[in-house]
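Numbers in this note's numbering are just positions in the sequence shown, counted from 1, shifted up by 74.
Even glycine gets a Cβ: it sits at the ideal position worked out from N, Cα and C.
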Amino acid sequence: MVGPMELDFPIRADWIFRWTQSEVDLTRLDEDHNPLPGTAHLLSQSEPLGFAAGRGPEQVHLAFTDVESEMRVMFVAEDAEERYVRYGEEEEKMDEVALARVERYERDDMCDAPANTSVGWRDPGWVFDGVIKCLKKGVRYYYQVGSDSKGWSKTHSFVSRNEDSDETIAFLFGDMGTATPYSTFLRTQDESISTVKWILRDIEALGDKPAFISHVGDTSYARGYEWLWDQYFVQIEPVASKVAYHVCIGNHETNWNPCSGHSKPLLLIQ
75 MVGPMELDFP IRADWIFRWT QSEVDLTRLD EDHNPLPGTA HLLSQSEPLG
125 FAAGRGPEQV HLAFTDVESE MRVMFVAEDA EERYVRYGEE EEKMDEVALA
175 RVERYERDDM CDAPANTSVG WRDPGWVFDG VIKCLKKGVR YYYQVGSDSK
225 GWSKTHSFVS RNEDSDETIA FLFGDMGTAT PYSTFLRTQD ESISTVKWIL
275 RDIEALGDKP AFISHVGDTS YARGYEWLWD QYFVQIEPVA SKVAYHVCIG
325 NHETNWNPCS GHSKPLLLIQ
């Protein structure tokens with residue numbers, strides 16, 4: 075039987091699809107102790123499938139800096155070519171531009187398996203970090219990330235901090251996890267879909283009141299699988315692109331490689 079199907083994937087790197095014989099390997103179990111599909115008999119394999127150029131960056135998320143009149147904007151793209159944050163108080167007039175600096179981490183920076191093996195590692199792309207400065211207090215700003223040559227993201231917006239306000243609005247939670255639109259041998263957390271959904275509802279209900287998120291540890295439960303981190307950052311983008319999203323390190327985020335040259339763990343949300 076042959077027919078179409080649809081799946082949502084992070085669209086940064088190429089994918090290969092493999093078709094294997096329908097079989098079950100009773101010697102290999104997933105985290106819920108269910109037998110995994112067998113993969114010993116490969117029937118067919120696609121060519122590497124990429125995505126059209128000009129689609130813009132992904133995994134857009136915000137973070138505060140130490141300066142009240144600033145907002146950090148972070149995102150991921152497929153190469154290190156210059157990208158920018160363009161922004162303004164009107165959606166049709168985003169005339170201000172901030173250059174984003176770029177970094178990346180490598181497989182050798184990972185401390186142990188599976189993160190430094192072919193099973194857990196997936197090229198993470200390039201991490202861009204732009205800072206918007208001289209923001210007015212409690213004002214909604216519209217922004218996009220990307221470049222003319224590589225494409226721009228859709229338009230996002232946030233409300234800047236206001237130290238004169240007599241209230242602080244924060245979303246505090248932990249242990250959220252990640253959901254995937256496909257089955258995997260790792261346990262994922264479908265409940266996280268509802269968490270993001272209801273936080274987004276409450277952020278939108280705030281109107282032009284500033285807020286922030288504090289995710290207190292055990293963020294994605296990726297546990298060394300880069301492709302789950304990809305899925306996590308795509309999943310939180312609807313809220314993390316609207317309010318600053320800060321994390322604390324939980325027991326599932328503590329491992330890192332002190333010999334890699336980094337003086338601290340490289341977190342994608344700062």
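Beta-carbon proximity list for Gly124, same chain, < 7 Å, skipping 5 on both sides:
Asp88
Take Glu166 as the anchor and find which of Thr113, Asp292, Phe91 and Gln218 has the nearest alpha-carbon.
Gln218
DSSP state of Tyr179 mapped onto helix, strand, coil:
Looking at Tyr179 - three-state DSSP - the assignment turns out to be coil, as it is neither helix nor strand.
Among Cys185, Arg214, Arg160 and Leu260, which one has its Cα closest to the Cα of Ile206?
Arg160
Assigned exposure category for Pro122 - 16 Cβ within 10 Å defines buried:
Burial call: exposed.
Using only alpha-carbon positions, find the residue among Gln309, Asp82 and Pro131 that is nearest to Ile267.
Gln309
So what does DSSP say about Pro111, is it helix, strand or coil?
strand
Classify Glu327 as helix, strand or coil using the three-state DSSP reduction.
Three-state result, Glu327: helix.
Residue of Tyr319, Gly212, Arg129 and Leu173 minimising C-alpha distance to Glu156
Leu173
Exposed unless 16 or more other CB atoms sit within 10 angstroms - verdict on Val313:
buried
Terminal residues of the continuous beta strand (DSSP E) containing Phe91?
Phe91: not part of any beta strand (DSSP E); DSSP gives it neither H nor E.
Flag this pair as yes or no: are the beta carbons of Leu116 and Arg92 separated by less than 8 Å?
yes
Can you tell me whether DSSP reads Lys68 as helix, strand or coil?
Missing from the structure shown is residue 68; the chain here goes from 75 to 344 and no further.
On a CA-only basis, which of Val233, Asp183 and Asp222 is nearest Gly281? Give me that one, please.
It is Val233.
Quick one: Cα of Thr258 to Cα of Leu103, how far?
11 Å
Please classify Cys262 as buried or exposed, where buried requires at least 16 other C-beta atoms within 10 Å of its C-beta.
Note that residue 262 corresponds to Thr in the displayed sequence, not to Cys. It counts as buried.
Short check: CB of Ala279 to CB of Ala244, under 8 Å?
no
To which residues does DSSP link Ile273 through a beta bridge?
Bridge partners of Ile273: none, in fact.
Unbroken alpha helix (DSSP H) runs of length 4 or more, entirely within the region 265 to 324: which are they?
Those alpha helix (DSSP H) runs which fall completely within the region 265 to 324 and span 4+ residues are 265 to 279 and 300 to 314.
Beta-carbon proximity list for His326, same chain, < 7 Å, skipping 5 on both sides:
Asp292, Tyr295 and Arg297
Between Leu100 and the rest of its own chain, which residues show a CB-CB distance below 6 Å, the 5 nearest in sequence each way excluded?
Pro109
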